[in-house]
Amino acid sequence: MTPQELAAQIARILSTIIDGRALDDDASLTVTEADTQVERPRNRDHGDWASNVAMKFAKRLGENPRVLAEQVATEIAAIDGVASAEIAGPGFINITLDAASAGETARVIVTEGSQYGRGAALEGQHIHLEFVSANPTGPLHLGHTRWAALGDSLSRVLRAAGAEVTNEYYINDAGAQMDKFGRSVLAAALGEPAPEDAYPGEYIHELGAKVLEQIPDLAAQAAEDRAAALSLAQEAAYQQQLAEIKDSLERFNVHFDVFFSERTLHTAGADGTPSPIEGSVDRLREQGHVYEDDGAIWVRTTTFGDDKDRVFTRGNGIYTYFAADAAYYLSKKDRGFGEKIYLLGADHHGYVGRLTAIAGAAGDDTERDITALIGQLVNLNGAKLSKRAGNIVELDDLLEWLGSDALRYWLARYPADSPLSLDGEKLRSRTNDNPVFYVQYAHARTRAVDRNAEAAGIDRSAFEPAQLTHDTETELLGKLQQYPAIVAGAADLREPHRIARYLEELAADYHRWYDNCRVIPQGEDPVTDLHRTRLWLNDAAGQVIRNGLDLLGVSAPERL
RNA sequence: GCCUUGGUAGCUCAGUGGAUAGAGCACCGCUCUCCUAAAGCGGGUGUCGAAGGUUCGAUUCCUUUCCAGGGCACCA
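Going letter by letter, the first sequence gives residues 10 to 569 in our numbering.
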């Protein structure tokens with residue numbers, strides 16, 4: 010009996026009861042499983058699961074919660090697998106399961122394997138997830154790591170809930186920043202002094218050297234035609250930098266389905282069709298949201314809650330960044346995505362109003378079709394990192410220093426809107442200070458037990474869940490049963506950190522169980538069905554930790 | 001000024017209207033002839049920033065307010 014099944018049963022019971030009252034109550038009350046979700050009481054004296062439906066519905070039925078609870082509890086107690094259902098406090102129904110019914114979960118988990126915890130709550134949804142989208146004018150650094158870890162984990166969680174998700178990286182490969190980047194690299198390659206506004210950082214010189222390798226006669230070309238040489242150098246540096254970014258992301262176990270080039274938005278079709286940007290201003294104009302003022306072309310974004318209208322085309326005829334944003338949004342819409350999620354740093358939260366307005370101007374539902382997740386920036390030992398300042402801490406350096414697992418886990422275990430500090434010393438320490446080790450250790454323990462069990466001749470030929478009665482066993486089983494709801498909740502709220510927090514609790518329950526309940530008999534004691542049954546539970550715990558870590562993009566090692 | 005996100009134990013932080021608000025760290029003890037002691041067990045700590053409101057019930061929702069971070073371009 011899983012909590013989901015229990016909730017479904019309670020929904021049926023409550024519906025029947027309410028139908029019986031409908032004679033003298035015209036209120037049309039419908040009961041959904043969302044209303045009848047049971048929760049795990051903090052205090053185990055309150056049973057395995059608790060329901061608050063009596064308090065929720067008593068008022069709408071005009072009844073005393075405890076009286077309603079009494080009636081519901083009687084029905085619950087009659088469910089197969091339920092040992093008791095008792096009324097407590099203002100109207101809680103505390104439910105205790107038969108040990109066999111609770112223990113059955115262990116076998117379910119082992120049978121379902123990597124599928125355990127996956128659901129269909131978001132089935133049919135085609136979600137677009139854009140994150141990182143760092144300019145290809147430099148290496149990924151600390152400022153990008155949080156979104157990389159969070160975005161990749163979020164997409165895994167959404168997929169686990171049944172959604173179809175496309176991870177996309179928007180490459181800002183057009184515009185003034187790219188020009189500046191090109192000039193910086195060209196100067197470095199030719200050994201010239203850096204331009205006034207050049208990008209700082211040693212990597213510019215490294216890129217310059219690589220460009221020179223590819224174009225040995227760059228100096229001669231520059232002497233002949235500076236603009237052409239600049240263009241060549243810029244393109245070579247861009248391709249090199251983008252390749253390095255992709256490489257870093259792969260090593261961070263972050264996967265993108267699409268790298269979307271901003272240039273394609275500026276490029277007209279070979280057959281003379283207008284560029285996506287040109288096309289988008291016309292499309293917005295058709296919707297009636299475009300006007301001209303003072304030589305510029307504006308979009309009336311204030312219609313959709315933006316705090317000011319935005320310029321699409323400047324007085325000098327050049328498109329603004331907003332124009333590209335609008336065209337990009339329309340591209341996502343045209344490609345058939347429903348919800349478009351943007352992961353943005355708090356330093357970009359001023360964009361939310363205009364992005365939302367674009368969705369509205371495009372005729373989309375600003376509530377349903379666009380989501381902006383704003384996150385706080387990462388600190389490193391208290392010092393915030395800025396690319397402009399030149400003191401770059403690169404993702405590659407962090408990976409080498411801390412490893413992908415520790416970094417991924419740490420970045421994913423906090424809510425996005427919570428400030429986060431990366432403490433290198435803590436992340437390198439192999440103690441409880443570093444929760445990824447705690448969780449991975451629990452997993453490695455399950456594998457060690459599995460290996461030792463096999464060596465001791467303990468197999469899974471018996472499964473007697475009624476024997477799983479130790480306090481630590483009911484705790485562990487209860488935790489394992491919660492996993493599908495945790496995944497569904499994390500997906501629904503777009504909060505992958507809930508997976509990490511859950512895993513830490515699960516690991517603690519597993520460690521406690523390990524210390525109290527042996528899978529392998531001591532000394533000359535015989536192997537019993539209890540040991541065999543516990544092997545199922547051990548494997549179930551390992552499976553769930555593995556499934557959860559996978560959602561975070563963190564490995565589940567066989568040994569530590 | 002406007003928008004936005006925080007304020008929870010000594011520290012770092014969890015906590016999607018429920019019962020006595022939790023974890024790790026730090027501090028003091030305890031547990032390995034036996035599956036990994038990178039573990040477990042025991043010991044105490046809170047005006048949930050403040051004040052109102054909604055509710056059977058508020059750390060959670062609403063309003064006001066104090067403090068802190070971030071943002072408010074015909075930049076990208």
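All residues carry an ideal CB built from backbone N, CA and C; glycine is no exception.
Determine the closest residue to residue 210 out of 262, 150, 237, 461, with distance taken between C-alpha atoms.
-> As a working mapping, residue 210 is identified with position 201 in the first sequence. Cα-wise, what sits closest to residue 210 is 150.
Provide the residue span of the beta strand (DSSP E) that contains residue 319, from first to last.
-> Along the first sequence, one-based indexing puts residue 319 at 310. Where residue 319 is concerned, the enclosing beta strand (DSSP E) stretches over 319-322.
Counting along the chain, where does the alpha helix (DSSP H) carrying residue 547 start and finish?
-> Walking along the first sequence from the start, residue 547 turns up at place 538. First-last of the alpha helix (DSSP H) with residue 547: 538-560.
Just confirm the distance between the C-beta atoms of residue 73 and residue 67, as a whole number of angstroms; I'd bet it's less than 8 Å.
-> To locate residue 73, count along the first sequence from 1; it is residue 64. To locate residue 67, count along the first sequence from 1; it is residue 58. Yes, residue 73 and residue 67 are in contact; Cβ-Cβ is about 6 Å, under 8 Å.
Of the listed residues 54, 16, 59, nearest to residue 43 (C-alpha basis) | By one-based count along the first sequence, residue 43 stands at place 34. Per the Cα distances, 16.
So what's residue 447 in DSSP terms, helix, strand or just coil?
-> Residue numbering aside, residue 447 sits at position 438 when the first sequence is read from its first letter. The answer is helix: DSSP assigns residue 447 an H, G or I state.
Of the listed residues 274, 511, 429, 57, nearest to residue 556 (C-alpha basis) | For the purposes of this step, residue 556 is taken as the residue at position 547 of the first sequence. Minimum Cα distance to residue 556 is reached at 511.
Pair every Cβ in the stretch 222-230 with every Cβ in the stretch 252-267, then say whether three or more of these pairs are closer than 8 Å.
-> no
Cβ pair residue 554, residue 346 closer than 8 Å = In the first sequence, residue 554 corresponds to position 545, counting from 1. In the first sequence, residue 346 corresponds to position 337, counting from 1. Going by C-beta atoms, residue 554 is not nearer than 8 Å to residue 346.
Measuring alpha carbon to alpha carbon, tell me which of 239, 459, 97 ends up nearest residue 226.
-> Numbered from 1 along the first sequence, position 217 holds the residue referred to as residue 226. Out of 239, 459, 97, 239 has the C-alpha closest to the C-alpha of residue 226.
Report the three-state DSSP secondary structure of residue 457 (helix, strand or coil).
-> Numbered from its first residue, the first sequence carries residue 457 at position 448. In this structure, residue 457 counts as helix in the three-state DSSP scheme.
Could you check what DSSP says for residue 570 in three-state terms: helix, strand or coil?
-> Since the first and last residues shown for the chain are 10 and 569, residue 570 lies out of range.
Between residue 99 and residue 64, is the Cβ-Cβ spacing less than 8 Å?
-> Numbered from 1 along the first sequence, position 90 holds the residue referred to as residue 99. Numbered from 1 along the first sequence, position 55 holds the residue referred to as residue 64. Yes, they are a contact pair.
Run through DSSP, which three-state label would residue 354 get?
-> Taking the first residue of the first sequence as position 1, residue 354 is located at position 345. Looking at residue 354 - three-state DSSP - the assignment turns out to be strand.
Among residues of its own chain, excluding the 5 on either side of residue 358, which ones have a beta-carbon nearer than 7 Å to its beta-carbon?
-> Counted from its first residue, the first sequence places residue 358 at position 349. Excluding positions up to five away in sequence, the list reads 383.
Hey, is the stretch 426-433 in contact with the stretch 162-176, meaning 3+ C-beta pairs nearer than 8 Å?
-> no
Starting from residue 302, trace the beta strand (DSSP E) both ways and give me its first and last residue.
-> As a position in the first sequence, residue 302 is number 293, starting the count at 1. Counting along the chain, the beta strand (DSSP E) containing residue 302 begins and ends at 299-302.
DSSP bridge partner residues for residue 58 (one or two, in chain order) | Position 49 of the first sequence, counted from the start, is the residue given in the question as residue 58. Answer is 104, bridged to residue 58.
When you compare each of 508, 468, 220, 381 to residue 360 by their alpha carbons, which one comes out closest?
-> Your numbering for residue 360 matches position 351 in the first sequence. It is 381 whose Cα lies nearest to the Cα of residue 360.
Whose C-beta lies closer than 6 Å to the C-beta of residue 515 among residues of the same chain, with five residues either side of it excluded?
-> Taking the first sequence and counting its residues from 1, one reaches residue 515 at position 506. Correct list, in chain order: 488.
Name the two residues that bound the continuous alpha helix (DSSP H) containing residue 525.
-> Looking up residue 525 in the first sequence gives position 516. Taken as a continuous stretch (DSSP letters only), the alpha helix (DSSP H) holding residue 525 covers 506-525.
Roughly how many whole angstroms lie between the Cα atoms of residue 342 and residue 292?
-> Residue 342 sits at position 333 when you count from the first residue of the first sequence. Residue 292 sits at position 283 when you count from the first residue of the first sequence. Distance between the alpha carbons of residue 342 and residue 292: 13 Å.
C-beta contact flag for residue 513 and residue 566 at 8 Å = The sequence position of residue 513 within the first sequence is 504, counting from 1. The sequence position of residue 566 within the first sequence is 557, counting from 1. No, they are not a contact pair.
Beta-ladder partner(s) of residue 410, from DSSP = The residue you call residue 410 lines up with position 401 of the first sequence. DSSP output for residue 410 lists no bridge partner at all.
Paired residues, beta bridge with residue 349 - DSSP | Within the first sequence, numbered from 1, the residue matching residue 349 stands at position 340. Per DSSP, 137, 379.
Between the C-alpha atoms of residue 494 and residue 121, what's the straight-line distance to the nearest angstrom?
-> On the first sequence, position 485 is the one that residue 494 refers to. On the first sequence, position 112 is the one that residue 121 refers to. C-alpha separation (whole angstroms): 16 Å.
Determine, using beta-carbon pairs with one atom in the stretch 208-224 and one in the stretch 178-197, whether at least three such pairs fall under 8 Å.
-> yes
Assign residue 182 to one of two classes, buried (16 or more other C-beta atoms within 10 Å of its C-beta) or exposed (fewer than that).
-> On the first sequence, residue 182 is found 173 positions in, with the first residue counted as 1. Label assigned to residue 182: buried.
Start-end ranges of the alpha helix (DSSP H) lying completely within the stretch 204-235, minimum 4 residues = 211-223, 227-233
On the DSSP bridge assignment, give the partners of residue 150 in chain order.
-> One-based indexing of the first sequence puts residue 150 at position 141. Beta-bridge pairing links residue 150 to 403.
Would residue 541 pass as a contact of residue 469 if the rule is Cβ separation under 8 Å?
-> Position 532 of the first sequence holds residue 541. Position 460 of the first sequence holds residue 469. In contact: residue 541 and residue 469 (Cβ atoms closer than 8 Å).
Close beta carbons around residue 507, own chain, < 8 Å, minus the five adjacent residues each side = Here residue 507 refers to the residue found at position 498 when the first sequence is read from its first residue. Result list for residue 507: 495, 498, 499, in chain order.
Over the uninterrupted beta strand (DSSP E) stretch that includes residue 95, give me the two end residues.
-> Stepping through the first sequence from its first residue, residue 95 is reached at position 86. Residue 95 -> beta strand (DSSP E) spans 91-97.
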